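Undergrad: Structure below; questions to follow.
There are 2 protein chains.
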Amino acid sequence: MKYSNATNYALHTMVHLMLQPERSSVGVQELAQMQDLSPTYLSKILTKLTKAGLIESTPGAKGGYKISRTKHNISFLDVIYAVEGDTNLFECSIHHEGCLIENVMTQAEENMKSELESKLLIDIAKKAESK
Amino acid sequence: MKYSNATNYALHTMVHLMLQPERSSVGVQELAQMQDLSPTYLSKILTKLTKAGLIESTPGAKGGYKISRTKHNISFLDVIYAVEGDTNLFECSIHHEGCLIENVMTQAEENMKSELESKLLIDIAKKAESK
DNA sequence: ATATTAAAGACTCTTAATATCTATAATATA
DNA sequence: TATATTATAGATATTAAGAGTCTTTAATAT
Numbered sequence: 001m002k003y004s005n006a007t008n009y010a011l012h013t014m015v016h017l018m019l020q021p022e023r024s025s026v027g028v029q030e031l032a033q034m035q036d037l038s039p040t041y042l043s044k045i046l047t048k049l050t051k052a053g054l055i056e057s058t059p060g061a062k063g064g065y066k067i068s069r070t071k072h073n074i075s076f077l078d079v080i081y082a083v084e085g086d087t088n089l090f091e092c093s094i095h096h097e098g099c100l101i102e103n104v105m106t107q108a109e110e111n112m113k114s115e116l117e118s119k120l121l122i123d124i125a126k127k128a129e130s131k
Numbered sequence: 001m002k003y004s005n006a007t008n009y010a011l012h013t014m015v016h017l018m019l020q021p022e023r024s025s026v027g028v029q030e031l032a033q034m035q036d037l038s039p040t041y042l043s044k045i046l047t048k049l050t051k052a053g054l055i056e057s058t059p060g061a062k063g064g065y066k067i068s069r070t071k072h073n074i075s076f077l078d079v080i081y082a083v084e085g086d087t088n089l090f091e092c093s094i095h096h097e098g099c100l101i102e103n104v105m106t107q108a109e110e111n112m113k114s115e116l117e118s119k120l121l122i123d124i125a126k127k128a129e130s131k
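From first to last, the protein sequence lines stand for chains A and B.
With UniProt numbering, the residue at position 120 of the first sequence is 120, and numbering never jumps.
With UniProt numbering, the residue at position 6 of the second sequence is 6, and numbering never jumps.
Quick look at the structure:
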């Protein structure tokens, strides 16, 4: 079990965008180069982030991506959901109602998610900046 | 991102074995039938559990599998490790030392794991029994 | 000796993730 | 308005991992 590469790239991209000056967009070319990815591939991921409202995109010259104005409190969980969707890590294979095993597994997953919800990208960006 | 089916089957099998009378072995035939699986497939999973020391196997007539004598305190995490191995859910794609993103993701995973470590199969088995 | 059962290895099938290519739509600016 | 630039969308190919089967071998009880 692993997080997808896409989630990994998305998190790095988001932190990078957080470090940009206000109102300035960054093109997919630059973002892709930074992580040694093909622009077309990364653009798929960026489109997901855009649809989730985490970033804004403007096509055309001088266009690109920037952090959404309305969303400066973006959590790790927000990014993960945007890329992977909200799915349960565990679903009882026998599929019986109120499975005790599933209950335990779900609770553990909740613990992880609540941690990821409490961690904001902006804090990581600031830490990275001050290094 | 999902837990494997194998983990799912393993957990159900373990709880089932927990509910057996002491010293009695159950064959893969019966265990497989219970979950509507092919015996050969389930046996792969059972072998992993055996190698991890969570259950004991005896070949031959009247043989089968039973919970390890020495391990009546088996946690959910033990079973997951036995089947999936201990791997990190997240590894920085840029692979730079002390990645701040990776740190956050790893901490969240630890929260999940510690919950799974604190939950014992025997407690689930007892609950299921008393229903 | 025989029946029974686990273990191991080779192999196939399926699915999801990864990634690329091409065409289209939108925007800035000269 | 024309052109260059950039995002979006769709089709398609590639890869890797998981799921599952089949067959052979080894171990054990009776």
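Beta carbons are placed, not taken as given, at the ideal position from N, Cα and C, and that holds for glycine.
On a predicted model such as this, the values are computed, not experimentally measured, just so you know.
(1) Between I122 (chain A) and chain B, is any beta-carbon pair separated by less than 8 angstroms?
(2) Measuring only the C-alpha atoms, how far is I45 (chain A) from A82 (chain A)?
(3) What are the residues that DSSP puts in a beta bridge with I124 (chain B)?
(4) So, at 8 angstroms on beta carbons, what are the nonlocal neighbours of C99 (chain B) in its own chain, with the 5 sequence-adjacent residues on each side left out?
(5) For T106 (chain B), which of A:H95, A:T40, A:E102, A:K119 has the nearest alpha-carbon?
(6) Mind pulling the chain A residues with CB within less than 8 angstroms of S93 (chain B)?
(7) Report yes or no: do three or more beta-carbon pairs, one from the segment 115-129 of chain A and one from the segment 18-26 of chain B, lie closer than 8 angstroms?
(8) On a CA-only basis, which of B:H96, B:V79, B:H95 is nearest L11 (chain B)? Give me that one, please.
(9) Just to confirm before moving on: does the CB-CB distance between N111 (chain A) and M34 (chain B) stay below 8 angstroms?
(10) Tell me which same chain residues have a C-beta within less than 6 angstroms of the C-beta of T13 (chain A), skipping the five on either side of it?
(11) Leaving out the 5 sequence neighbours to the left and right, which residues in its chain are closer than 8 angstroms to Q20 (chain B) when beta-carbon positions are compared?
(12) Does the separation of the CB atoms of L54 (chain A) and Y9 (chain A) fall below 8 angstroms?
(13) For I55 (chain A), write down the residues that DSSP places opposite it in a beta bridge.
(14) Which ranges would you report for the alpha helix (DSSP H) in the segment 65-123 of chain B if only whole runs of at least 4 residues count?
(15) With a cut-off of 8 angstroms on the beta carbons, I'd call E84 (chain A) and S4 (chain A) a contact; round off their distance for me.
(16) Would you kindly work out how many angstroms separate the C-alpha atoms of K126 (chain B) and S114 (chain B), rounded to a whole number?
(17) Which term fits S130 (chain B), buried or exposed, when burial requires 16 or more other beta carbons within 10 angstroms of its beta carbon?
(18) Can you grab the Cα-Cα spacing for the pair L116 (chain A) / H95 (chain A), in whole Å?
(19) Does the Cβ-Cβ distance between T47 (chain A) and E56 (chain A) come in under 8 angstroms?
(20) Keeping to the same chain, check which residues put their C-beta closer than 8 angstroms to that of T7 (chain B); ignore five residues upstream and five downstream.
(21) Against chain A, with Cβ distances strictly below 8 angstroms, would L17 (chain B) count as a contact?
(22) Using a cut-off of 7 angstroms between C-beta atoms, extract the partners of I101 (chain A) located in chain B.
(23) Pull up the DSSP beta-bridge partners for V26 (chain B), would you.
(24) Going straight from the alpha carbon of L17 (chain B) to that of N88 (chain A), what length do you get?
TA: Per the coordinate set shown:
(1) no
(2) 9 angstroms
(3) DSSP lists no partner for I124 (chain B).
(4) C92
(5) A:K119
(6) N5, N8, Y9, H12, Q35
(7) no
(8) B:V79
(9) no
(10) L31
(11) V26, K66, I67
(12) no
(13) A:I67
(14) 76-84, 100-118
(15) 6 angstroms
(16) 22 angstroms
(17) exposed
(18) 28 angstroms
(19) no
(20) V79, I80, V83, E84
(21) no
(22) L11, H12, V15, I124
(23) B:Y65
(24) 26 angstroms
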